[in-house]
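Have a look at the structure below, then the notes.
Protein chains in written order, with this note's numbering: chain A, 1 to 637; chain B, 638 to 1132.
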C-alpha cells in the first residue's frame, strides 16, 4: 500500500506550490488546484480504507501495516525519530474523516471565500493543515505525532488569524496558539518521561513490543508519590486536553471562531480538536495497563467539560459560539467514553469503540452544522441570532440539512448521532450509574440548545434584511447535501466490526433501556425548545433570563474563565514576573557592571594626580622620600 | 597546501583588495566575490570531510597540519577540523555572505566598514580552523577588536556607550580566559598548546582543574551570554549596524559555546563533572530569565537580544549535560540560533532602514506595507519558537531529549524547567508579530514605504533556505556532529 505516501505528499506539495507561486495565479485557479488535489487525496484515502478493511485478519484482528518509514533524526543509541505511515483501524478511519471533511471544506470555500483578499493564501494554509493533520494520524511514533501536532497548531494559528487586520482575529489566533502551546509542554514532558523509561518512541514498540519489559519495570517507580508512568500519561493528557479544549484549557476554542467559517468547520469542529481524543485512543493500551487512575481523571474532566460547555451553549447568541461550545461538550462525551473504559475486551472496552464511533459521526454532523452556519452567515452577513429568524423559507437546502444535523446531535434515530451517543451512554452506565445519568442529562441539554439555535435561525421572528436572503450556490450546497447524506446513513455502519479496543469483531447491539431513555430525554428537550423558541415572541426564556439573571449572566460571560486567564497573564506573568525581571536585569545586573565601570573611572581620576607631570611636585615627593628613608636609617642605627 | 588555510587567506586577500579599491562598485564586487568564495569553500570542505569520513577515516580531526611559529612556547598554527568546526564554518560563511548583502545599501564610509568586517570574519574563521590554544585565543581577539570600531562608528543609538561596554566586558572575560589557557598549558606540563595533545595526555592535576575550569568556562561563557554576564549583549546588539549584529550574534557568540565545550570541558573533565552543576544552574537561569525579559521589551532588537540570551543559554545548558545527544543538540542549537538570529537582525535592519524606529508600539500593520519582509519575519518568529520544519525544533528537541536521558534526577528536573522556555518564547514572539506586523497601519507615514529590494531578498531567502533545510532534513548534520562530539563526551566520563 505504498501509494498511501501520496496522501501525505499531495497536500504538502500543494502547500509549497500555492505558498510560493499562489499569488501569481488567479484566485479561482489556485482554489481549483487545491480542491482537485484534495479530491485525489480523498479518493486515495477511501481506496486505502477499502483495501485495509477488506484485507484478511490475522488472529481475528487487522494487522498494523507500516508501508513507509524513514529515520529522520537520531537521538542516542535507541531513540530515533522516524517519519512514517502506520495503518491501523483508527488511523485509517481518521484518514477518511479528515480527507473527506477537508475536501468538502475545500469545495465549499470556493463559494464562501469567493472574492476574499488572500484567497490563494487561504488555500495554501488549508493544504498545510490537511497535510499536518494527516501526518498526525498516521504517525508511527509518539514524536512524529508531536511534530505534526505542532504543525496543526500553527496552521490553526494562521487560519484563525486569516483576517490579519482584524484585532479580534489577531488576539484569538495568539490565544489559541499560546494556550495549546502551554498544553503541548505537558505533552512534550510526557514524551520525555515515557521515552526515558521505555527507550523508544515507536507506538508498536511501546505497546507490546520490546520496551514492554522496560515499562513494566518503570511501573514500580514513582515520583512525588505518583507512578512515573502515570505522570507521563497524565502529562500527555494535558496536551490532549489543550488541543481538544477540555476545561480549563478550553478558552481558546470559542475565540477561534474569528477565523473563516469553513475553517471552523474543518479545524475547530471536525478534525484538529479531536486530535486530543485520538491521542488518548492511540495510547489507550498504555493507559489501561499503567495508568487506570488517569483514565478516571479523563472521564471526570470530560464529563465536567461536557456539562459546563452545554450550559454555556444554552445562552450564547452568536451562532458560531453556540456551535463552538457544543463542540467542546461533544468532545467531552468522547473523552468520557475513553475514560470509562476499564479493560481491552469487548465489554470493558466498549467506551473506546463508542468514542471512536462518536468521533466519526460527530465530525460529519458538526462539519455540516458549521458549513450550514456559514451558509446562513453568508446570506445575512451576521453571526448574531437576532439578525436571523424565519430563514426556512429563503434557504430550503440549508434548512433541511441543518435540521438533519440537529436531529443527529440531539440523538434522534435513525440519524448517526443517536447510535454513537447511545454507545457512550451505555458505556457510562456500565462504569457507574451516576456517570450514566449525568451524561444523559447533558445529552438532554444538548438537544435543547441545538433546537434553540435551530428555531431562532429558521423560525421565530424574521429580522429585517437589507437584501432578501437567498440560498447559497452549488459549491456550498453540494457539501451540505453530501454531509447530510452521510449523517443519515453513518449510524448503520457496523462500527464494531472495524474498530474495537482489542481489535476483535464486536456486534453493536442497542441497549433498549438506554436507547429509550436517551431518546425520551431528547424528545422532551426538543419539545421544551419548541415551546420556548418557535414562536415570534419568546416570553418564557426572557422571563427565565430575568428571574435567574445572575446565572444567566455568568453563563453568558462563560463563567468568567477568560477573565481569570486575563488576570494571570497580565497581572501575574507580565506585571509580577516579566517586568521585575527586566527591571532587575537593567538596574541590578547591568547596574553592577556600570558601577564597576564607574568605580574604575573614579579611581583612575583619583590616582591620576600622582602622574601630574609637574617637576616641582615630583621634586617635593622625591625630597620627602629621601627624608623618610634617611630618617628610617637613622632610627635603625 | 591545507584547504583550511584558504579560510584565512581569502579574508586577508579581501582586506588587501578593499584597501586598494577605488569606488563603491569595486568594494561590492570584492565583497561578493570573497564571500561567495568562502561559501563555496565551506561547501567543498563539507563534501571532502564527509567523503573522508565515509571512506573510514576515524581520526578525531581531519585536514591536520602544523606550522610552528613560536617554538619556545610551543605555539603552532595547528589546523584541523571535526564535524563541530565544519558546522561552524558553514554557519560563518553563510552569515558573512548574507551579511554582505544585508549591508548592500550602506553609504557611510563603506570601504572602512567592509575592511573591519573582513577582519572580524578573519578572526571568526581562524578560530574555528585552529586547535592550538594560543592561536585560537589570538583569532578570538582579532574578532573582538573590530567590534568596537564597527559599533562605535557605524552603530546607532547609544553607540559609544554600547561599544565601550561590549568591548570592556568581553575583554575582561578574555583576560580571565588567557589566564585559564596559560594555566592549562603549564599545568599539563608546558609541552604543547595543541588541544588534542593536552586532552590525550590528560595530566592536568585535579587541583589545577578546579581553578582553571571555572576561569576558562567563564571566559568563554561571557561571550556565550552566560547569566549574569550577558548585559553587553542587549546594548551591543541594539547599537550595532545590521551586518555586525548578524555576525556577532550569529557567529561570535557561538565561539563561547564552542570554546566552553572544546577547551574548558574537554581538557578538564574532572572539574567539569564536579563544578558543572554551578554553571548548569546559571545557564538554566539564562534560559528562563532571558525569555521572561524578552516579553516586556519594546525594541525589536532588545527582544531578539534577550531571546538570544535564552537560546544561547540552552547551548551551554546542553553541553553541561555531558552526553552525546545533548552535546549534538548544543551544536545544532548554535547553528540554528546563528541562522535564525542573523535572519532576525537582517530583517530588523531592513525594517529600521525604512521606518526609522524599532519600537513595536510605533510599528503596526507592516504586513500590508511590506509583505515580503513581514512574511520573512513571521517565518523567523515561527522558527524561533521552535516550530517543526525549522532548525530550532530539531536543535531544541535534541537538547531536551538528550538532557532528559541523564541518569541523575537533578538534571532531569532542571531539563523540565528549561523546557518551559518554549511557551514563554511563543508569548513574546506572537505578541510582537501581532502588534507590529498584523493589524491596520496606524502611522500614515508608513504607507509610503516600499518592500524589500533584491539584495535584501537574497539575504533573507538564503538564510530561510538554510533554516528550512536544517529543519526538514537534519539527519546528515546530526550524524556528522554526533560522531564528532563523541570523543569529547567520552573524555567527560570519569572512570
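Virtual Cβ for every residue (Gly too), placed ideally from N, Cα, C. Only a predicted model underlies this, so the values are computations on that prediction, with no experimental measurement involved.
Under 7 Å between C-beta atoms, does residue i make it to chain A?
i              : result
residue 950/B  : no
residue 1063/B : yes
residue 911/B  : no
residue 797/B  : no
residue 953/B  : no
residue 1053/B : yes
residue 1024/B : yes
residue 1076/B : yes
residue 868/B  : yes
residue 929/B  : yes
residue 648/B  : no
residue 865/B  : yes
residue 1111/B : yes
Which residues does DSSP list as the beta-bridge partners of residue i?
i              : result
residue 714/B  : 704/B
residue 223/A  : 226/A
residue 69/A   : 84/A
residue 615/B  : Chain B is shown from 638 up to 1132; residue 615/B falls before or after that span and cannot be answered.
residue 141/A  : 202/A
residue 74/A   : 80/A
residue 831/B  : 769/B
residue 384/A  : 318/A
residue 61/A   : 58/A
residue 1139/B : The requested residue 1139/B is not part of the displayed model; chain B covers only 638 to 1132.
Any beta carbon of chain B sitting closer than 7 Å to that of residue i?
i             : result
residue 578/A : yes
residue 164/A : yes
residue 151/A : yes
residue 315/A : no
residue 638/A : Since the first residue of chain A shown is 1 and the last is 637, residue 638/A is not available in this structure.
residue 590/A : yes
residue 368/A : no
residue 170/A : yes
residue 639/A : It is not possible to answer for residue 639/A, since the shown part of chain A is limited to 1 through 637.
residue 288/A : no
residue 192/A : yes
residue 585/A : yes
Whose Cβ in chain B lies nearer than 9 Å to the Cβ of residue i?
i             : result
residue 75/A  : 962, 965, 966, 1034, 1035, 1038, 1039, 1042 and 1115
residue 195/A : 1038, 1041 and 1042
residue 520/A : In chain order: nothing, as chain B lies at least about 47 Å away.
What residues of chain A sit near residue i, judged by a beta carbon separation below 8 Å?
i              : result
residue 934/B  : 582
residue 806/B  : 593
residue 1031/B : 73
residue 1019/B : 154
Name, please, each residue of chain B whose Cβ falls closer than 8 Å to the Cβ of residue i.
i             : result
residue 117/A : The contacting residues do not exist; residue 117/A stays about 10 Å from chain B at best.
residue 174/A : 1067, 1068 and 1071
Whose Cβ in chain A lies nearer than 9 Å to the Cβ of residue i?
i              : result
residue 1060/B : 178, 181, 182, 184 and 185
residue 1056/B : 185, 188, 189 and 192
Taking 6 Å as the cut-off, is the C-beta of residue i nearer than that to any heavy atom in the ligand COA?
i             : result
residue 112/A : The ligand COA is not among the ligands present in this structure, which contains no ligands whatsoever.
Against residue i, what residues of chain B qualify as contacts under a CB-to-CB distance less than 7 Å, listed in chain order?
i             : result
residue 138/A : Per Cβ cutoff of 7 Å: no residues; residue 138/A is ~15 Å from chain B at best.
residue 377/A : Per Cβ cutoff of 7 Å: no residues; residue 377/A is ~23 Å from chain B at best.
residue 574/A : 932 and 933
residue 403/A : Chain B residues near residue 403/A: none, gap ~39 Å exceeds 7 Å.
residue 167/A : 1076
Identify the contact partners of residue i in chain A, using a Cβ-Cβ distance below 7 Å as the criterion.
i             : result
residue 926/B : 581
residue 688/B : Going along chain A, no residue has its Cβ under 7 Å from residue 688/B, so there is no contact; the nearest lies around 21 Å.
Please list the residues of the stretch 995-1013 of chain B that have a C-beta atom closer than 8 Å to any C-beta atom in chain A, keeping them in chain order. Residues passing the 8 Å Cβ filter: 1002, 1004 and 1005.
Quick check on the DSSP output: what are the complete alpha helix (DSSP H) runs of length 4 or more inside the stretch 732-804 of chain B, in order along the chain? DSSP runs (the alpha helix (DSSP H)) wholly in the stretch 732-804 of chain B: 747-766 and 770-791.
Just by C-beta distance, which residues in the stretch 51-81 of chain A are closer than 7 Å to chain E? Judged by its chain identifiers, the structure shown contains no chain E, and its protein chains are A and B.
Along the chain, which unbroken stretches of the alpha helix (DSSP H) at least 4 residues long are found entirely within the stretch 409-487 of chain A? 416-431 and 433-458
Proximal residues, the stretch 834-858 of chain B versus chain A, C-beta separation under 8 Å: none
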